[in-house]
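**Student:** The opening residue of the sequence shown carries number 33 in this note's numbering; numbering runs sequentially from there. Note that the Cβ used here is the ideal one computed from N, Cα and C, for glycine as well. Sending over a structure as structure tokens; questions will come in a sec.
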Amino acid sequence: MTLSFFDELVCETAMELARFRSVPLVLRGVTTGVDRDLYLDVLAGTYHTQRQTNRLTEQAISRCGEADSLLESWLRAILVAEKNQEDRILDDIRVLGGDPNRVQRSQPPRAVVAMATYAGDAIEQSSPYVLLGMRHVLNCVSLILARTAENTMRARLEADHAATGFAYFL
């Protein structure tokens with residue numbers, strides 16, 4: 033049986049995913065949760081990542097040619113699907129007692145800047161298709177971790193009297 037490209041990608045990166053999941057902070061986030069301040073920091077980084085990823089998606093669309101209509105359609109669908117994602121993240125920050133205006137005004141973390149710079153250069157110098165791998169990592173891996181961590185985080189933060197703040201997971 034032949035694996036789909038997606039399944040092949042998942043299989044070929046399983047060891048890297050396992051290594052990432054064994055990073056102490058990631059492991060703690062999915063098993064016992066983290067405190068509110070650290071979660072707010074994660075959400076701030078997620079906000080900046082989302083903004084940069086949307087910009088990169090628009091950049092990739094601008095680099096699509098006639099032969100790339102399927103990729104362009106997929107990228108446009110992603111932009112529509114994620115239209116309000118930044119707002120949901122900012123709402124979570126507000127609900128959990130953070131300052132969404134400060135997050136909007138803040139500079140993105142260096143890791144986000146490095147990722148966006150590398151991806152932007154790769155899109156320009158190589159192909160808009162380089163965004164496929166990045167989207168796989170950002171969307172699939174973060175979704176797997178977020179879904180795994182959601183209940184743990186809810187329980188941990190509810191113990192601190194927070195019952196909401198998870199619209200980003202929806």
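Quick one: residues in its chain with C-beta nearer than 7 Å to the C-beta of SER174, no 5 flanking neighbours on either side, listed in chain order?
**Tutor:** In the sequence shown, counting from the first residue as 1, residue 174 sits at position 142. The beta carbon of SER174 lies closer than 7 Å to none in the same chain, with the five residues before and after it left out.
**Student:** Would you identify the three-state DSSP class for ARG83, choosing helix, strand or coil?
**Tutor:** Within the sequence shown, numbered from 1, the residue matching residue 83 stands at position 51. It is helical.
**Student:** Going by the beta-carbon positions, is the gap between ALA92 and LEU170 smaller than 8 Å?
**Tutor:** Within the sequence shown, the letter at position 60 stands for residue 92. Within the sequence shown, the letter at position 138 stands for residue 170. The answer is no: Cβ separation not under 8 Å.
**Student:** With a cut-off of 8 Å, do at least 3 Cβ pairs link the segment 145 to 159 to the segment 126 to 136?
**Tutor:** By the C-beta criterion, the segment 145 to 159 is judged not to be in contact with the segment 126 to 136, since fewer than 3 inter-stretch pairs fall below 8 Å.
**Student:** What does a CB cutoff of less than 6 Å around ARG188 pick up in its chain, not counting 5 residues either side in sequence?
**Tutor:** What you label residue 188 is simply residue 156 of the sequence shown in a count that begins at 1. Closer than 6 Å at the Cβ level, and outside the excluded window around ARG188, lie GLY65.
**Student:** Would you mind sorting MET166 into buried or exposed? The rule is 16 or more other CB atoms within 10 Å of its CB.
**Tutor:** One-based indexing of the sequence shown puts residue 166 at position 134. Buried is the call here.
**Student:** Quick one: grab the DSSP three-state call for MET33.
**Tutor:** The residue labelled residue 33 in the question sits at position 1 within the sequence shown. In the structure shown, MET33 sits in coil (DSSP, three-state: anything other than H, G, I, E or B).
**Student:** Which residues in the same chain have their Cβ closer than 8 Å to the Cβ of ALA181, if we skip the five residues on either side of it in sequence?
**Tutor:** On the sequence shown, residue 181 is found 149 positions in, with the first residue counted as 1. Taken in chain order, the residues that qualify are GLY61, VAL62, GLY65.
**Student:** Can you tell me where the alpha helix (DSSP H) with TYR150 in it begins and where it stops?
**Tutor:** Along the sequence shown, one-based indexing puts residue 150 at 118. It spans 142 to 157 - the alpha helix (DSSP H) in which TYR150 sits, taken as one unbroken run.
**Student:** Tell me whether LEU88 is buried or exposed, calling it buried when 16 or more other Cβ atoms sit within 10 Å of its Cβ.
**Tutor:** Translated into positions along the sequence shown, residue 88 becomes position 56. Within a 10 Å sphere around the beta-carbon of LEU88 sit 16 or more other beta-carbons, which makes this residue buried.
**Student:** If distances are taken between C-alpha atoms only, which option among THR34, GLU90, ASP119 comes closest to LEU107?
**Tutor:** Start at 1 with the first residue of the sequence shown, and residue 107 comes out as number 75. By alpha-carbon distance to LEU107, the top candidate from THR34, GLU90, ASP119 is GLU90.
**Student:** Jot down the residue ranges of each uninterrupted alpha helix (DSSP H) in the segment 48 to 101, minimum 4 residues, whole runs only, in chain order.
**Tutor:** 56 to 63, 68 to 94
**Student:** Report the option in HIS168, MET185, LEU128 whose CA atom is closest to the CA atom of CYS43.
**Tutor:** Along the sequence shown, read from residue 1 onward, the residue named residue 43 stands at position 11. Nearest of HIS168, MET185, LEU128 to CYS43, Cα basis: HIS168.
**Student:** So VAL127 is in the alpha helix (DSSP H); what residue range does that whole segment cover?
**Tutor:** Residue 127 sits at position 95 when you count from the first residue of the sequence shown. Taken as a continuous stretch (DSSP letters only), the alpha helix (DSSP H) holding VAL127 covers 117 to 127.
**Student:** Rounded to whole angstroms, what is the Cα-Cα separation between HIS193 and ARG120?
**Tutor:** Along the sequence shown, one-based indexing puts residue 193 at 161. Along the sequence shown, one-based indexing puts residue 120 at 88. With a pLDDT of only 46 at HIS193, under 50, the local geometry of the prediction cannot be trusted, and no value is derived from it.
**Student:** Using the Cβ count rule (16 or more neighbours within 10 Å means buried), how would you classify VAL144?
**Tutor:** Translated into the one-based positions of the sequence shown, residue 144 becomes position 112. Buried is the label assigned to VAL144, since at least 16 other Cβ atoms lie within 10 Å of its Cβ.
**Student:** Of the choices ALA148, VAL127, GLU118, whose alpha-carbon is the least far from that of GLN136?
**Tutor:** Taking the sequence shown and counting its residues from 1, the one referred to as residue 136 is at position 104. For GLN136, the nearest C-alpha among the options comes from GLU118.
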